[in-house]
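Visitor: All the letters of the sequence shown, read from the start, carry residue numbers 26 to 280 under the working numbering.
A virtual CB, placed ideally from N, CA and C, is assigned to each residue, including glycine.
A quick note: this is a predicted structure, and the numbers were derived from the prediction, not measured.
Just passing along the structure, written as structure tokens.
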Amino acid sequence: MFTNVIVRVPSKSVVDGISSSNEGKPNYGLALKQHEEYVSALTKAGVNVTVLEPNDDFPDSCFVEDVALCTKKCVIITRPGAASRQKEAALQDMQEALKKFYEHIEYIEAPGTVEAGDIMMVGDHFYIGESARTNRAGAEQMIAILEKYGLSGSIVPLKEVLHLKTGLAYLENNNLLVAGEFITSPVFEKLNKIEISPDEAYGANCIWVNDHVLVPAGYPNAQKAIEGLGYKVLVVDTSEFRKIDGGLSCLSLRF
Ligand code: CIR
């Protein structure tokens, strides 16, 4: 069960977020509206939402998932690999919000880099994508911290996707949505893999929140597959965040 969620309202500078897509810049007004709808879907799923103020200095700062790994024992503040995002993790309002919930706070240190969009929790185990943003030193530091608290981690080298959870979503109950390079990956063999087709790959970035699953709007086959597993689906439009490579999971910290 998740009780708490932290989000950050997108700033006007979100239009300059890092992007590898050719879909143009986000519409700020629409991004704000979609963010509000995201928060209300989370509220429907029964969590308390802490909403942080927008920060214009960091165009990608609404993607709070990347700056911390929240576990049931401790929170680990990351050190993002994207230069423009490195100082996001140290933002005071985020640190203060996390301190309200966590007694144990750990930090990833140089030369390690980690963005927690690369980390997927499955029970007490954490799969860590080694990516353009999360390096081996960062992943190893993360595993050492997790082990200190009786948790575990393992490294999954990534080939194509930005972050591990760009192509994977663990929906609890052994169910894993998989897209792209993860469909054939032997790493997740023990889980019940639900394949998301290439034309709906973005739809693999869903989030489980207390028996509800938030699913992005516009991915009907992914949505049907998730409904077929018995979850209560909440559809949220994230078109403006998709333009800057962001999805549903990136927009919140859940714990
Ligand atoms: C970035 O490139 O960092 C942002 N434009 C998107 C971050 C997406 N975050 C995530 O997948 N966890």
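In three-state DSSP terms, what is residue 53?
Guide: Assigned with DSSP and collapsed to three states, residue 53 falls in helix.
Visitor: Using the Cα positions of residue 186 and residue 206, report the straight-line distance between them to the nearest angstrom.
Guide: 8 Å
Visitor: Can you find the residues in the same chain that come closer than 7 Å, C-beta to C-beta, to residue 268, ignoring five residues on each side of it along the sequence?
Guide: 44, 46, 48, 49, 50, 51
Visitor: By Cβ distance, which residues of its chain are closer than 6 Å to residue 164, with the 5 residues on each side in sequence left out?
Guide: 153, 155, 180
Visitor: Within the present structure, is the beta-carbon of residue 150 separated from the nearest heavy atom of the ligand CIR by less than 8 Å?
Guide: no
Visitor: For the alpha helix (DSSP H) containing residue 246, list its first residue and its last residue.
Guide: 245-253
Visitor: Give me the Cβ distance between residue 217 and residue 230, rounded to the nearest whole Å; I'm assuming they're in contact under 8 Å.
Guide: Residue 217 to residue 230, Cβ: 18 Å. No contact.
Visitor: What are the residues that DSSP puts in a beta bridge with residue 119?
Guide: Its beta-bridge partners do not exist; DSSP assigns none.
Visitor: For the alpha helix (DSSP H) that residue 267 lies in, which residues bound it at each end?
Guide: 264-267
Visitor: So residue 92 and residue 76 are supposed to be a Cβ contact under 8 Å. How far apart are they, rounded?
Guide: Going by Cβ atoms, the distance from residue 92 to residue 76 rounds to 16 Å, so no, they are not a contact pair.
Visitor: Using the Cα positions of residue 244 and residue 189, report the straight-line distance between them to the nearest angstrom.
Guide: 20 Å
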